[in-house]
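Everything on this sheet refers to the single structure shown next.
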Amino acid sequence: MSLSTNTLLLYLLCWATWSSSMEIPEEVQQPPTITDQSPKRHVVYPTDDFVIKCEARGNPAPHFTWTKDGKEYDPSQDTRVTTTINSGTFTIKNSNGNLKAFQGRYRCYASNDLGVAISEEIVFITATIPRFPKESAKRIEVEEGDPVVLQCDPPSGPSPLNIYWMTSKIQRIQQNSRASQGLNGDLYFSNVQSSDNRNDYLCFAQLSRTRTIAQKEPISLIVKPFVLPNDTESPDSAFSAANSIKDRPPRFLTPSGSSSKIIALRDETLELECIADGLPTPQISWAKIDGDMPKQKATEVNFNKTLKIFNVTEFDAGKYECKAENVFDAVKHAFSVTVEASPYWIKKPRSKVYFSEENAELECEIGGQPQPQVQWKVNGKPLNG
Numbered sequence: 001m002s003l004s005t006n007t008l009l010l011y012l013l014c015w016a017t018w019s020s021s022m023e024i025p026e027e028v029q030q031p032p033t034i035t036d037q038s039p040k041r042h043v044v045y046p047t048d049d050f051v052i053k054c055e056a057r058g059n060p061a062p063h064f065t066w067t068k069d070g071k072e073y074d075p076s077q078d079t080r081v082t083t084t085i086n087s088g089t090f091t092i093k094n095s096n097g098n099l100k101a102f103q104g105r106y107r108c109y110a111s112n113d114l115g116v117a118i119s120e121e122i123v124f125i126t127a128t129i130p131r132f133p134k135e136s137a138k139r140i141e142v143e144e145g146d147p148v149v150l151q152c153d154p155p156s157g158p159s160p161l162n163i164y165w166m167t168s169k170i171q172r173i174q175q176n177s178r179a180s181q182g183l184n185g186d187l188y189f190s191n192v193q194s195s196d197n198r199n200d201y202l203c204f205a206q207l208s209r210t211r212t213i214a215q216k217e218p219i220s221l222i223v224k225p226f227v228l229p230n231d232t233e234s235p236d237s238a239f240s241a242a243n244s245i246k247d248r249p250p251r252f253l254t255p256s257g258s259s260s261k262i263i264a265l266r267d268e269t270l271e272l273e274c275i276a277d278g279l280p281t282p283q284i285s286w287a288k289i290d291g292d293m294p295k296q297k298a299t300e301v302n303f304n305k306t307l308k309i310f311n312v313t314e315f316d317a318g319k320y321e322c323k324a325e326n327v328f329d330a331v332k333h334a335f336s337v338t339v340e341a342s343p344y345w346i347k348k349p350r351s352k353v354y355f356s357e358e359n360a361e362l363e364c365e366i367g368g369q370p371q372p373q374v375q376w377k378v379n380g381k382p383l384n385g
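Mapping of the sequence shown onto UniProt numbering: position 245 corresponds to residue 245, and the numbering continues sequentially without gaps.
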């Protein structure tokens, strides 16, 4: 079937994003619609080839062009790039380690005689191999019963790292409510014991999706026995007296202060963390102050030191509280959580065929926090009025 002369095809693109939902038969002449594209944030690993996708449908078949960082970019003229026939997709082989030259912001344009469809902006980032800065081996001395933090300081990058604390024999450091790893990769001891004496605490950082591992220089932790002044007592009584002197109420090692403000992103995982020192070892508990804890998607991990809430929504905003408690006292920290959201569809605009002089209503309802600004474009040009 062909498009009659008294039929008007309107194609409007809501700038918030593109829609792949179609109600027009393929045989009808129609402007292009983007049907597939790479993620908006595309991280490529050192061992990967870079494939940037842009697929579209339309009648006549669309022609594809690209921009990179706002300037025209023609993949077919780049000898380092392999293009695909009748497609906007192209591939960069990572054979010469040249991916960094392609970092940037890409946008795909699919056009024919009836209009233009525009992809969302694709940000291309190369993940670097993690490397710790050069430093000498560290030696830390503490008295038995004291708190201590062994810092990992993992290298930063666009891709998350898996952090492990191990020995020189590649054995995991045993963790428990007294000694455990924090979200930042540091190893926290609420109170040290003689059994913590080691000269080979090693922090390893692994780039996710690869076997690339970086190792920090070893840390020696020397735990000295606490000696009472003018100690003339038996070893057993001296140990008991030392413990009583070191006994103390909880104090947070992280976070600092009595309260924090946290911004969580919709659909992401929220992680709140409280790690305390004290003797005896404090126990951690969690509560939501201004509402019910979302139990179906909330869980406490790392010996209750971390509260994780999955698939965060606006209903998860509010005040959360962690409490560290032992026989001497309790200390609390309050988290004020605000949930923000990038634009998301409530009602997607749909492409349709309209007859001449027929009223056309195109819906585009967007959610987000802060409230998004919506702009309409026709064939890539702003619609005024």
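All residues carry an ideal CB built from backbone N, CA and C; glycine is no exception. Model, not experiment: these values are computed from the prediction.
Using the Cα positions of Leu-221 and Arg-266, report the straight-line distance between them to the nearest angstrom. 41 Å
Short check: CB of Lys-305 to CB of Glu-325, under 8 Å? By the CB criterion at 8 Å, Lys-305 and Glu-325 fall outside the cutoff.
Pro-218 vs Ala-137 beta-carbon contact at 8 Å: Taking the C-beta atoms as reference points, Ala-137 is found nearer than 8 Å to Pro-218.
Cβ atoms of Pro-349 and Cys-364: under 8 Å apart, would you say? For Cys-364 and Pro-349, yes; Cβs fall inside 8 Å.
Mapping DSSP to helix, strand and coil, what is Phe-102? helix
Taking the runs of the beta strand (DSSP E) that are 3 residues or longer, which of them lie wholly in the stretch 180 to 233? Fully enclosed beta strand (DSSP E) runs of 3 or longer: 187 to 189, 198 to 207, 213 to 215 and 219 to 224.
Leaving out five residues before and five after Ala-341 in sequence, what residues of the same chain have Cβ atoms less than 6 Å from its Cβ? Arg-266, Gly-368 and Gln-369
State whether the stretch 282 to 297 contacts the stretch 319 to 338, with contact taken as three or more CB pairs (one from each stretch) at a distance under 8 Å. yes
Between the C-alpha atoms of Arg-41 and Asn-311, what's the straight-line distance to the nearest angstrom? 19 Å
What does a CB cutoff of less than 8 Å around Pro-255 pick up in its chain, not counting 5 residues either side in sequence? Glu-273, Cys-274 and His-333
Residues near Ser-260 in its chain [Cβ-Cβ closer than 8 Å; skip 5 each side]: His-333, Ala-334, Phe-335 and Ser-336
Can you confirm whether the stretch 143 to 150 touches the stretch 79 to 87 when touching is taken to mean that 3 or more C-beta pairs between the two stretches lie within less than 8 Å? no
Restricting to runs no shorter than 3 residues, where is the beta strand (DSSP E) found entirely within the stretch 49 to 112? 50 to 52, 54 to 59, 63 to 68, 71 to 73, 81 to 83, 90 to 92 and 104 to 112
Quick one: give me the first and last residue of the beta strand (DSSP E) that Ser-285 is part of. 283 to 288
Okay, do the stretch 169 to 189 and the stretch 117 to 131 touch, 3+ Cβ pairs below 8 Å being the bar? no
Smallest Cα separation from Thr-35: which of Gly-278, Glu-120, Arg-248 and Glu-72? Glu-120
If distances are taken between C-alpha atoms only, which option among Phe-226, Val-28, Asn-184 and Ala-287 comes closest to Glu-141? Phe-226
Just the C-alpha distance for Asp-292 and Asn-302, rounded to the nearest angstrom, thanks. 22 Å
Near the ligand GDP: Gln-193 beta-carbon under 7 Å from a heavy atom: Here there are no bound small molecules, and the ligand GDP is not part of this structure.
With DSSP run on the structure shown, which of helix, strand or coil describes Ile-125? strand
Beta carbon proximity, Lys-352 to chain D, threshold 8 Å: In summary, chain D is missing from the structure at hand, where a single protein chain is found.
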